[in-house]
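Taking it in order: structure first as C-alpha cells, then the write-up.
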Amino acid sequence: MTDAPTKAGFVALIGEPNAGKSTLLNRMVGAKVSIVTHKVQTTRARIRGVAMAENAQLIFIDTPGLFKPRRRLDRAMVAAAWGGAADADVVVLMIEAHRGITSGVKAILETLAERTGKSPVALVINKIDKVKSEVLLALTKDMNEAYPFAETFMISAERGHGCDALRDWLVTQVPEGPYLYPEDQIADLPMRMIAAEMTREKLTLRLHQELPYELTVETENWEERPDGSARIDQLIYVARDGHKGIVLGKGGETVKAISQAARLELEEFLGRRVHLFVKVKVRPNWLEDAERYSEMGLDFKDGNA
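For the sequence shown, position 213 (counting from the first letter as 1) is numbered 213 according to full-length UniProt numbering, and the numbering increases by one without interruption.
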C-alpha cells in the first residue's frame with residue numbers, strides 16, 4: 001500500500017439524537033474524542049475525529065443530533081449539523097434499528113437530497129443486536145425505497161460489528177490528495193475543549209434529569225508542569241443559583257466526584273498525571289452569550305428564530 005496515492009476526505013455523521021454517532025466516531029478513531037452519554041443532544045460542537053485507514057485519512061464530523069429546535073442553542077446545533085453534512089465528501093445517516101423510521105428520520109429524509117448535494121449518502125443502521133433479522137431486512141428495504149442510498153451498512157457501534165466494512169467503503173469514497181492532518185493527530189479540537197467535553201460528560205451522567213442542557217464547561221487555564229504533569233483549571237457555568245447548589249452537592253461532594261471522574265479519564269487520555277481544579281459559576285444568560293457559542297464551535301447567529 002505504500003505506493004498507493006494518499007486520500008483524504010470529510011465524513012459527516014448525521015442522524016437523530018442518541019443514534020450512536022459519537023460512539024461510532026470514537027470506534028473509528030480508536031480514542032475518545034466525542035462525548036458519549038445516554039442523554040440526547042450532548043454533542044454541541046462539530047467535533048472532527050481523524051482516522052487513518054490504509055492509505056486514506058478519514059476526517060469525521062460528528063454533528064449534533066437533528067431534532068426539532070426550540071431554543072437558540074437548539075437552532076444553532078441543528079444548523080451546525082446540516083452545515084457539517086453540506087461540507088462533507090461523504091455523508092453517513094445513522095438510524096437505530098429498534099426505533100426504525102421515526103417522525104424525526106422522516107423529517108431528515110425529506111430534506112436530505114437538498115442538504116447534501118452531490119455527496120454520496122450511506123445508510124447505517126445501528127444497534128442491530130436489538131432486533132431480529134427479519135425486522136432489519138424490512139427496515140433496510142423501506143429506507144432504501146424512501147431514499148437512494150449509495151450503500152447500506154448494519155452495525156453495532158458499541159460492539160464494533162460491521163464497522164470495518166463501513167470504514168473500508170468510506171476509504172473508496174474520499175478523494176485522492178495529501179493528508180490534511182498529521183498522521184498521529186486524532187482530533188482538530190484544542191485539548192482545552194476536549195478536556196471541557198470530558199468534564200461535561202461526567203456532569204451529564206451524574207446529574208441525569210436535573211440539569212440537562214443549562215450548563216457548559218470551559219477550560220480556563222492549562223499549565224504544563226516541569227514533572228510532565230498538567231494543571232487544568234475549569235469553570236462550570238450554570239444559569240441559576242439553584243443549579244449551582246445541585247452541581248456542588250452536599251458539602252461539595254457532587255462536584256468533587258465529577259472532577260475526580262473527569263481527571264481519571266483525562267489522565268488515561270493524555271497518558272500522564274493531571275491536576276484538575278473545577279469551580280462552579282452562575283452566569284444567568286450564558287445561553288444568550290455569543291462568546292459561549294464560539295467556545296462550543298457553534299455560530300451564535302444560527303440560533304436566531
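Think of the CB as a built atom: it goes at the ideal place given N, C-alpha and C, for glycine as much as any other residue.
Every beta strand (DSSP E) of 3 residues or more that sits fully in the UniProt domain "KH type-2" (207–284) is shown, in chain order, as 215–224, 230–238, 274–282. The beta carbons of residue 140 and residue 125 sit about 7 Å from each other, so the pair counts as a contact at 8 Å. Secondary structure of residue 7 (DSSP, three-state): strand.
The C-beta distance from residue 117 to residue 58 rounds to 19 Å, too long to fall under 8 Å, and the pair is not in contact. Assignment of residue 126 by DSSP, reduced to helix, strand and coil, places it in the strand class.
The Cβ atoms of residue 244 and residue 282 sit closer than 8 Å to each other.
Restricting attention to 200, 120, 222, 246, the CA atom closest to the CA of residue 172 is found in 120.
Put simply, the backbone Cα of residue 216 is about 18 Å away from that of residue 222. Between residue 147 and residue 112, the C-beta gap is smaller than 8 Å, which places the two residues in contact. Beta-bridge partners of residue 153 (DSSP): 124.
Between residue 149 and the set 164, 94, 19, 205, the nearest pair of CA atoms involves 94. The continuous alpha helix (DSSP H) containing residue 23 extends over residues 21–29. When Cβ pairs closer than 8 Å are counted between the two stretches, the segment 152–166 is seen not to touch the segment 229–247, the count staying below three. DSSP places residue 131 outside both helix and strand once states are collapsed to three, so it counts as coil. Residue 196 and residue 129 have their C-alpha atoms roughly 32 Å apart.
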